[in-house]
Amino acid sequence: MYDIIVIGCGVIGASVAYELSKYNLKVLVLEKEIDVADGTTKANSGILHSGYDPEPGTLMAKLNVEGSKRIKELVKKLDVQYNECGSLVLAFNKEDEKTLEKLLDNGIKNGVENLRIIDKKEIEKIEPNINKTVTKALYSPGAGVIDPWELCIAMSQVAVSNGVEIKLNSEVVDIIKEDDTFLVKQMIIHINLNI
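Be aware that the sequence shown starts at 11, since it is given in this note's numbering, and climbs by one per residue.
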């Protein structure tokens, strides 16, 4: 009997397991693939957006900005590589420049730090190989990239060392509610790797 069962061990499932491992709980993670981060997470670009895109006042906006700040602490704890390389949203005409103004306004309202619109000369200093027809860019120096696979593995390892159990090749096929409990039916997939 487990207190909590987490379904899936991509970056979300691993982060949930990582956080739950800090408490006195019996936690099980069921992952249908042969390894953690073997689904959507392994194909993720790993871009950590600073928070200028979400509509101001939304939960997404709040979490995006907060998450951008918190990831820097997490990668230090987990010894995971993080490249705060910044990001550029490019404009090539007046219509694009209006979009940049809207994104800048969103970012300011959302609390994104150091966000600004830069001209062609400054863009070329940041990225010399940029398309020469660029006119302006929204520059977010706090944006970065991370290897989501490495992050997922690191969080999973800490969770396991803190007592979380992870079962791979275990697909959840049904969840049944009985009184105050849930029964999770899983299908365990056995793979012969002797090729």
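Glycine is no exception: its CB is placed at the ideal position from the N, C-alpha and C atoms.
Since this is a predicted model, take the numbers as computed values, not measurements.
Residue i - DSSP class collapsed to helix/strand/coil
i, result
"Val-90", "coil"
"Gly-23", "helix"
"Ser-60", "coil"
"Gly-77", "helix"
"Ile-185", "strand"
"Thr-68", "coil"
"Thr-50", "helix"
"Thr-109", "helix"
"Val-85", "helix"
"Val-194", "strand"
"Val-99", "strand"
"Val-168", "helix"
"Ile-133", "helix"
Paired residues, beta bridge with residue i - DSSP
i, result
"Arg-126", "Tyr-149"
"Glu-175", "Leu-38"
"Gly-154", "Leu-58"
"Ile-14", "Val-37"
Beta-carbon gap between residue i and residue j smaller than 8 Å
i, j, result
"Ala-101", "Thr-145", "yes"
"Asn-172", "Ser-31", "yes"
"Asp-63", "Leu-113", "yes"
"Glu-132", "Ile-140", "no"
"Val-46", "Ile-176", "yes"
"Gly-18", "Glu-41", "yes"
"Thr-50", "Trp-159", "no"
Straight-line gap, residue i to residue j (C-alpha atoms, nearest Å)
i, j, result
"Val-26", "Ala-169", "9 Å"
"Asp-129", "Lys-108", "14 Å"
"Asn-93", "Leu-35", "34 Å"
"Glu-65", "Cys-95", "24 Å"
"Val-85", "Met-165", "10 Å"
Cβ separation of residue i and residue j, assumed to be a contact under 8 Å, to the nearest whole Å
i, j, result
"Ile-81", "Leu-98", "Actually they do not touch by this definition, with Cβ atoms about 20 Å apart."
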